[in-house]
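Some notes on the structure that comes next.
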Amino acid sequence: MNFSLIGKVFKNSLVKEFSFYSSSTFIYQLSRVLVELTAAKILGPALWGIWYLLNLSIAYRGLFELGISNGMNREIPINLGKNDVKKAKHIQNITFSTVCISSVIALVFLLFASLIVNDPNLRSSLLWLIPLFIVTQFYYLVNASLKANTLFSFVSKKQLLFSALFPLFAIPLTYLFKLEGFIIAYTAALFIAVTYIYKKSSISYSIDYDWKEVKNLIRIGFPIMAVGITYTFLNTVDRWIISLFLGTEELGFYSMAIIVFGGMTLFPNIISQQLYPRMAYDWGKSNTKSSLQHWAWIQTKYTGILVIPVLIGVLTIFPWIIRTLLPEYIPGIHSLQIIAFGTLFIPFSAGWGNVLNIIDKQVYYLLVIIIAVIVNITINYFLVTAGYGIAGVAFGTAITFAMYCLAVMGLGKYFLKKIISK
Numbered sequence: 015m016n017f018s019l020i021g022k023v024f025k026n027s028l029v030k031e032f033s034f035y036s037s038s039t040f041i042y043q044l045s046r047v048l049v050e051l052t053a054a055k056i057l058g059p060a061l062w063g064i065w066y067l068l069n070l071s072i073a074y075r076g077l078f079e080l081g082i083s084n085g086m087n088r089e090i091p092i093n094l095g096k097n098d099v100k101k102a103k104h105i106q107n108i109t110f111s112t113v114c115i116s117s118v119i120a121l122v123f124l125l126f127a128s129l130i131v132n133d134p135n136l137r138s139s140l141l142w143l144i145p146l147f148i149v150t151q152f153y154y155l156v157n158a159s160l161k162a163n164t165l166f167s168f169v170s171k172k173q174l175l176f177s178a179l180f181p182l183f184a185i186p187l188t189y190l191f192k193l194e195g196f197i198i199a200y201t202a203a204l205f206i207a208v209t210y211i212y213k214k215s216s217i218s219y220s221i222d223y224d225w226k227e228v229k230n231l232i233r234i235g236f237p238i239m240a241v242g243i244t245y246t247f248l249n250t251v252d253r254w255i256i257s258l259f260l261g262t263e264e265l266g267f268y269s270m271a272i273i274v275f276g277g278m279t280l281f282p283n284i285i286s287q288q289l290y291p292r293m294a295y296d297w298g299k300s301n302t303k304s305s306l307q308h309w310a311w312i313q314t315k316y317t318g319i320l321v322i323p324v325l326i327g328v329l330t331i332f333p334w335i336i337r338t339l340l341p342e343y344i345p346g347i348h349s350l351q352i353i354a355f356g357t358l359f360i361p362f363s364a365g366w367g368n369v370l371n372i373i374d375k376q377v378y379y380l381l382v383i384i385i386a387v388i389v390n391i392t393i394n395y396f397l398v399t400a401g402y403g404i405a406g407v408a409f410g411t412a413i414t415f416a417m418y419c420l421a422v423m424g425l426g427k428y429f430l431k432k433i434i435s436k
């Protein structure tokens with residue numbers, strides 16, 4: 015890869031890049047939502063609930079890498095900030111090699127899982143999930159490499175290509191082959207999009223292994239990965255509780271709330287993903303703590319500006335869509351509305367999680383999320399057993415999310431102030 019161009023990339027207009035990336039991400043998310051709503055209509059709540067249960071294996075894919083990709087995502091921009099191009103390339107290739115190994119391990123794990131499942135429909139879906147898992151690993155590796163090098167224009171193009179292919183494949187295949195068809199379509203759209211962008215971009219990989227550097231990347235990335243996986247668990251506790259106590263059909267109803275939560279967090283995630291490599295780059299280049307404060311404040315400000323109008327739009331449009339086009343999912347409207355209000359607290363934590371990762375305070379960040387997970391499980395368990403159903407799960411999740419956001423902001427400000435005062 016031609017790392018000499020990176021300096022120029024960092025000088026590009028942030029506003030121009032943000033506009034292109036946010037627009038492509040919006041189209042990407044819109045395409046996914048429309049396809050998912052169509053698939054939900056075709057499959058029905060019970061079968062659609064099974065997909066949301068299977069999809070958890072994709073959500074936890076990072077466990078197989080031990081945080082190598084997370085370490086790369088931080089170390090590449092930091093080393094580029096230090097003008098150490100050779101090491102940045104070395105780290106990128108080591109990460110690729112590790113992901114290849116982890117994908118083989120994941121393949122064996124999923125094959126074993128398919129053998130011990132009794133339900134023939136679930137077994138068939140698990141087998142089709144294997145190629146999706148492998149393709150997803152490569153897709154997110156390329157995604158991480160592009161973002162670490164601030165090549166967001168290629169990320170945008172990849173998302174636009176996927177947005178066009180996904181409905182083209184998914185709607186007819188889901189209609190013809192039900193859940194298996196949906197999984198095949200998802201896999202094909204991801205594979206074509208990521209392969210095309212990989213060939214067009216300046217990203218390239220080769221097998222390279224250095225055990226000393228691997229251990230260093232695990233040391234750096236494992237806490238970040240643990241934060242990410244635990245945060246994913248925090249965001250999926252509701253699915254586990256519903257599937258265990260209420261069944262997959264109720265999970266199908268609740269999937270409307272999950273889709274809304276993804277939409278509500280879309281733009282905050284866009285801002286965070288774009289600013290994280292810049293924060294790490296500035297930290298590596300100048301080691302100026304005040305710059306981290308500046309970036310965190312920018313994320314908080316713009317996230318706050320975006321969340322409220324998005325909330326109003328979601329609360330207006332989604333219940334109407336469900337009542338008009340998806341009447342089978344009407345039982346999920348109340349939980350959808352509760353979850354949407356919980357996202358009002360996103361601006362309080364925006365940027366501060368990135369700060370904690372960059373200044374090596376991931377362990378404290380992880381502790382906050384673990385506490386939030388315990389609180390979430392406890393509240394949801396009592397509300398479900400008390401008979402409040404999926405609305406109770408949504409309420410417990412929203413309350414926990416609000417507490418988590420406030421805690422991350424407080425922790426980030428505390429450690430940043432402590433470092434600056436030295």
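Counting in my numbering, the sequence shown runs from 15 upward without gaps.
Virtual Cβ for every residue (Gly too), placed ideally from N, Cα, C.
Can you tell me which of the options puts its alpha carbon nearest to the alpha carbon of residue i?
i    : options                : result
N157 : A127, G276, Y210, S138 : Y210
T446 : S45, S71, V49          : No statement about residue 446 is possible, as the shown extent of the chain runs from 15 to 436 and does not include it.
G356 : I335, I347, L325       : L325
L260 : V407, I373, K427, I185 : V407
S286 : A310, Y74, K299        : A310
I56  : Y154, I344, F196, I41  : F196
K299 : L94, G277, V377        : L94
N394 : Y378, S349, M278       : S349
L125 : P145, M423, M293       : P145
L329 : F275, N301, F110, V131 : F275
A294 : Y66, G76, N87, T279    : N87
V422 : G327, P341, L370       : L370
V49  : L179, S37, I322        : L179
S138 : K172, A102, F205, I64  : I64
Y35  : L174, L140, K214, P134 : L174
K101 : T262, I255, W297, V228 : V228
A73  : L358, T244, F409, G327 : T244
W297 : S38, W142, K96         : K96
M417 : V389, T39, F110, F267  : V389
F40  : P59, E263, K171        : K171
S37  : F281, S215, A271, K432 : F281
S83  : L68, S111, N69         : S111
T411 : K226, T262, I391, A400 : I391
Nearest-angstrom Cα distance between residue i and residue j?
i    : j    : result
R46  : P181 : 8 Å
S117 : Y223 : 16 Å
Q313 : D252 : 27 Å
I385 : L306 : 26 Å
G13  : I360 : Residue coverage of the chain in this structure runs from 15 to 436, which leaves residue 13 outside it and unanswerable.
A53  : T188 : 7 Å
V387 : A162 : 29 Å
N438 : S177 : The requested residue 438 is not part of the displayed model; the chain covers only 15 to 436.
F429 : S304 : 13 Å
N26  : H308 : Unreliable positioning characterises N26 in this predicted model, as indicated by a pLDDT of 49, which lies under 50. The coordinate reading is nonetheless provided below. Their Cα atoms are separated by approximately 19 Å.
G242 : G365 : 15 Å
P91  : S269 : 36 Å
L425 : S220 : 39 Å
I335 : W62  : 17 Å
L381 : K375 : 10 Å
F191 : T164 : 39 Å
C114 : V122 : 13 Å
G277 : K427 : 28 Å
I232 : Q106 : 14 Å
N230 : V169 : 27 Å
I119 : Y154 : 17 Å
R75  : F147 : 8 Å
A203 : Y343 : 27 Å
A354 : I273 : 10 Å
S128 : T150 : 19 Å
Y378 : I372 : 13 Å
G235 : P341 : 44 Å
Y316 : I322 : 11 Å
L19  : V99  : Because L19 sits at a pLDDT of 46, beneath the cut-off of 50, its placement in the model cannot be relied upon, and the following sentence gives the value as read from the coordinates. Approximately 11 Å between the Cα atoms of the pair.
L320 : I352 : 19 Å
I383 : I284 : 21 Å
Measure the beta-carbon distance from residue i to residue j and round it to whole angstroms, keeping in mind my assumption that it falls under 8 Å.
i    : j    : result
M494 : E79  : The structure shown does not extend to residue 494, since the chain spans only 15 to 436, so no value can be given for it.
S257 : L265 : 5 Å
C419 : F362 : 5 Å
A199 : A184 : 4 Å
F166 : Q43  : At roughly 16 Å, the Cβ-Cβ gap does not stay under 8 Å, so F166 and Q43 are not in contact.
I404 : G346 : 7 Å
S159 : I217 : 5 Å
P59  : F205 : The pair is not a contact, with the Cβ atoms about 29 Å apart (cut-off 8 Å).
Does the ligand SAH have even one heavy atom less than 7 Å from the beta-carbon of residue i?
i    : result
L289 : The ligand SAH is not among the ligands present in this structure, which contains no ligands whatsoever.
Hey, is residue i's beta-carbon within less than 8 Å of any beta-carbon in chain B?
i    : result
T357 : Going by chain labels, chain B is absent from the structure shown, which holds only one protein chain.
- Considering only residues of the stretch 142-184, which uninterrupted beta strand (DSSP E) runs meet the minimum length of 3 residues and lie entirely inside it, listed in chain order? none
- Message: Please give the ranges of any beta strand (DSSP E) in the stretch 314-344, keeping only runs that are unbroken, at least 3 residues long and fully inside the region.
- Response: none
- Query: Which whole runs of the alpha helix (DSSP H) in the stretch 18-105 are 4 residues long or more, in chain order?
  - Reply: Listed in chain order, they are 20-25, 28-68, 70-73, 82-95.
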